[in-house]
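**Q** This is the structure I want to talk about, given as structure tokens.
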């Protein structure tokens, strides 16, 4: 018997990244892409080095919930 794979996201993965993946530990929020960035994504996109004005580093992830400032 063949079982179908469950395609929904795991419950512990809470935040949608700007590249479409899911993460457990967001590092920052991008107001342009309306998604979170991990430390690795911040290195790739060089947001902090370019001093991007749309990058929000001081986000209280526990209290903000799903409604992050846009």
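In this note's numbering, the protein residues as written are 9 to 78. C-beta atoms are modelled at their ideal positions from N, C-alpha and C, and glycine is treated no differently.
(1) Candidates 64, 58, 59: which alpha carbon is nearest residue 42's?
(2) Hey, residue 24 and residue 52: beta-carbon distance below 8 Å or not?
(3) From which residue to which residue does the alpha helix (DSSP H) around residue 49 run?
(4) Quick one: what's got a C-beta closer than 6 Å to residue 55's C-beta in the same chain, skipping five residues either side?
(5) Out of 48, 50, 36, 57, which one is the CA nearest neighbour of residue 66?
**A** In terms of the structure at hand:
(1) The residue you call residue 42 lines up with position 34 of the chain shown. Of 64, 58, 59, the residue nearest in Cα terms is 64.
(2) The residue labelled residue 24 in the question sits at position 16 within the chain shown. The residue labelled residue 52 in the question sits at position 44 within the chain shown. In this structure, residue 52 does not lie closer than 8 Å to residue 24 by Cβ.
(3) The count along the chain shown starts at 1 and reaches residue 49 at position 41. Here the alpha helix (DSSP H) through residue 49 covers 47 to 53.
(4) Translated into positions along the chain shown, residue 55 becomes position 47. Around residue 55: 63.
(5) Translated into positions along the chain shown, residue 66 becomes position 58. Of the listed residues, the one whose Cα sits closest to residue 66 is 36.
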